[in-house]
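This report concerns only the one structure given below.
Numbering (the numbering used here), first residue to last: 391 to 906.
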């Protein structure tokens, strides 16, 4: 029956395959010869003294570029840019500073983002002779360019719709290892970009467009031609049969029924236990009976960011054929006030039989995850479990927009997550989780209460952790402060960040390398 359902839903996904990303990803070609003679060019430089292919271009224009740089006292500081519009025969010449420090992968991604922010239309990038030991450095510059280049404009009125049909020419990257860069980007890194775009699309769409069923409809077509994938959709009847009363409770006030989307990727031997990723998927959060203030409520369309990141991560890892087994669980519901919505003080029964007293109906994400992590453990027996959620405002207050909060029972595991964040470009910082937090959530009338005392990220983590086996390595990521950008970064435009796709892919790479 499980396999039959998977086949049916994959067939449905094929019918929905006309749905596309909000914005098409840029295309790249990698070269080491045939320098440009016209058009727009970008030169990466560390000072006004140009070297290598950049010096050849400068000679071609009678040293006009180096003269202009010296007059502007160009320092070459990382990310600094100068734009010249009158150096014939080029339409526009942009100089981007690479700084003097060695460029690691993260710096290369940021460099690509800086290039994208200064580029319009078709561009040739001169990115040779860089101070880096990263193999196929051009692929990482392209990744950063593509991450920054995301736009969501599908609802903007376009008077001339024919412009949408114009073919965009590829970005030409002049790099030292063009073949390796081409292979690394098109066989690997582009999939991380694609997964991030998917997460950003899901988190940007309005709540009247994305709700549990349409979330699934958007995700399924992305996996239609991916190997080693199984997809299962839990509808309300099955959720009820499994005793997942707290997940059902989060959807009671909505006209949209709860769902849980489960995607398995088996890239290793069948007997290998999977890594489980569980993402909070509240498709819109009004707060329920504990109604939020109107100010900023529009942003709650992105309360599904955890589930969106899990979907994007599974897409990226499976399309590049990572040597690991992964299962992604995305509980989905809409938190709305209504006559039959749950109330503060209600008691709900979770999948395993433990009961939860509702402290606030605006603390609904931990309810979703309480059932989802139990399901993951019962049916998939993972060797590690990571949950990701826009869970608490307190995490946002503590971390700001620079760090996701990581909470675990194991300090060494927290330190490892910090290293993964640094390498991936999505930083995390630990918050405490100890026995005191588990004591605070004991209820007088139920097993636990969903909120206790002053609200906090650690209390939210303790609620979820109550349902995770103490012997199972478990990571909780609270991304409430980083999922949406009010201002851009080098690799993230303003708006939904798709945060977590890069982080979880870095974790998956590390775990897969252990299996080799």
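All residues carry an ideal CB built from backbone N, CA and C; glycine is no exception.
All values derive from a computational prediction rather than experimental measurement.
Between which two residues does the beta strand (DSSP E) harbouring residue i extend?
i: residue 750; result: Note, residue 750: premise wrong, no beta strand (DSSP E); not H, not E.
i: residue 333; result: Here the chain has residues from 391 to 906 only, and residue 333 is not among them.
i: residue 789; result: Here residue 789 belongs to no beta strand (DSSP E); instead the alpha helix (DSSP H) covers 783-789.
i: residue 739; result: 737-739
i: residue 447; result: Counting along the chain, residue 447 falls outside any beta strand (DSSP E), though it belongs to the alpha helix (DSSP H) covering 442-450.
i: residue 524; result: Counting along the chain, residue 524 falls outside any beta strand (DSSP E), and DSSP gives it neither H nor E.
Mapping the DSSP letters down to three states, classify residue i as helix, strand or coil.
i: residue 845; result: coil
i: residue 903; result: helix
i: residue 376; result: With the chain covering only 391 through 906, there is no way to say anything about residue 376.
i: residue 542; result: coil
i: residue 674; result: strand
i: residue 582; result: helix
i: residue 412; result: In this prediction, residue 412 scores a pLDDT of 49, lower than 50, which makes its location untrustworthy; no coordinate-derived value is stated.
i: residue 573; result: helix
i: residue 418; result: strand
i: residue 590; result: helix
i: residue 657; result: coil
i: residue 602; result: helix
i: residue 680; result: coil
i: residue 620; result: strand
i: residue 634; result: coil
i: residue 765; result: helix
i: residue 505; result: helix
i: residue 457; result: helix
i: residue 828; result: helix
i: residue 477; result: coil
i: residue 561; result: strand
i: residue 883; result: coil
i: residue 810; result: helix
i: residue 895; result: helix
i: residue 756; result: helix
i: residue 547; result: coil
i: residue 911; result: Since the first residue shown for the chain is 391 and the last is 906, residue 911 is missing from the structure and cannot be characterised.
i: residue 815; result: coil
i: residue 500; result: helix
i: residue 853; result: helix
i: residue 495; result: helix
i: residue 924; result: Any property of residue 924 remains undetermined from this structure, which presents the chain solely from 391 to 906.
i: residue 692; result: helix
i: residue 770; result: helix
i: residue 823; result: coil
i: residue 510; result: coil
Which residues does DSSP list as the beta-bridge partners of residue i?
i: residue 721; result: 650
i: residue 433; result: 485 and 516
i: residue 667; result: 718 and 776
i: residue 866; result: 777 and 797
i: residue 878; result: The partner list for residue 878 (beta bridge, DSSP) is empty, contrary to what the question assumes.
i: residue 462; result: Beta-bridge pairing links residue 462 to no other residue.
i: residue 839; result: 747
Round the Cβ separation of residue i and residue j to the nearest angstrom and send it over; I've been treating them as touching at under 8 Å.
i: residue 740; j: residue 871; result: In fact, because the Cβ distance is near 28 Å, the residues do not count as touching under 8 Å.
i: residue 466; j: residue 503; result: In fact, because the Cβ distance is near 17 Å, the residues do not count as touching under 8 Å.
i: residue 716; j: residue 898; result: 7 Å
i: residue 770; j: residue 571; result: Not a contact, Cβ separation roughly 37 Å.
i: residue 488; j: residue 464; result: Between residue 464 and residue 488 the Cβ distance is about 12 Å, and since that is not below 8 Å, they are no contact.
i: residue 501; j: residue 486; result: 7 Å
i: residue 633; j: residue 738; result: At roughly 11 Å, the Cβ-Cβ gap does not stay under 8 Å, so residue 633 and residue 738 are not in contact.
May I ask which residues mark the beginning and end of the alpha helix (DSSP H) holding residue i?
i: residue 727; result: First-last for residue 727: undefined, no H or E at that position.
i: residue 908; result: The question about residue 908 has no answer here: the residues shown for the chain are numbered 391 through 906.
i: residue 818; result: It is not in any alpha helix (DSSP H) - residue 818 instead sits in the beta strand (DSSP E) that spans 818-820.
i: residue 695; result: 695-709
TODO: Report yes or no: do three or more beta-carbon pairs, one from the stretch 662-679 and one from the stretch 741-759, lie closer than 8 Å?
DONE: Yes, they touch.
Task: Meets three-Cβ-pair contact criterion under 8 Å: the stretch 674-687 and the stretch 605-614 - done: In this structure the stretch 674-687 does not lie against the stretch 605-614, because fewer than three pairs of beta carbons, one per stretch, are closer than 8 Å.
Task: Stretch pair the stretch 799-811 + the stretch 870-884: three plus CB contacts closer than 8 Å - done: Result no; under three Cβ-Cβ pairs closer than 8 Å.
TODO: Check whether the stretch 704-716 touches the stretch 610-624, taking contact to mean three or more Cβ pairs, one atom from each stretch, closer than 8 Å.
DONE: Judged by Cβ distances under 8 Å, the stretch 704-716 makes contact with the stretch 610-624, as three or more pairs qualify.
Open item on the list: Check whether the stretch 715-731 and the stretch 594-602 touch, using three or more Cβ-Cβ pairs below 8 Å as the test.
Closed with: In short, these stretches touch, since the Cβ pair count reaches three.
Open item on the list: Whether or not the stretch 440-452 and the stretch 518-530 are in contact is what I'm after, with contact meaning three or more pairs of Cβ atoms, one per stretch, closer than 8 Å; do they touch?
Closed with: Here the stretch 518-530 lies against the stretch 440-452, with 3 or more beta-carbon pairs under 8 Å apart.
Task: Contact the stretch 586-595 vs the stretch 450-461: 3+ CB pairs below 8 Å - done: The stretch 586-595 makes no contact with the stretch 450-461, as fewer than three CB pairs between them are under 8 Å.
TODO: Could you tell me whether the stretch 825-845 touches the stretch 807-816, using the rule of 3 or more Cβ pairs below 8 Å?
DONE: Fewer than three Cβ pairs drawn from the stretch 825-845 and the stretch 807-816 lie within less than 8 Å of each other, which leaves the two stretches out of contact.
- [ ] Determine, using beta-carbon pairs with one atom in the stretch 729-739 and one in the stretch 649-663, whether at least three such pairs fall under 8 Å.
- [x] Counting Cβ pairs under 8 Å, fewer than three are found: no touch.
Task: Stretch pair the stretch 838-847 + the stretch 661-668: three plus CB contacts closer than 8 Å - done: Cβ pair count under 8 Å is below three, so no.
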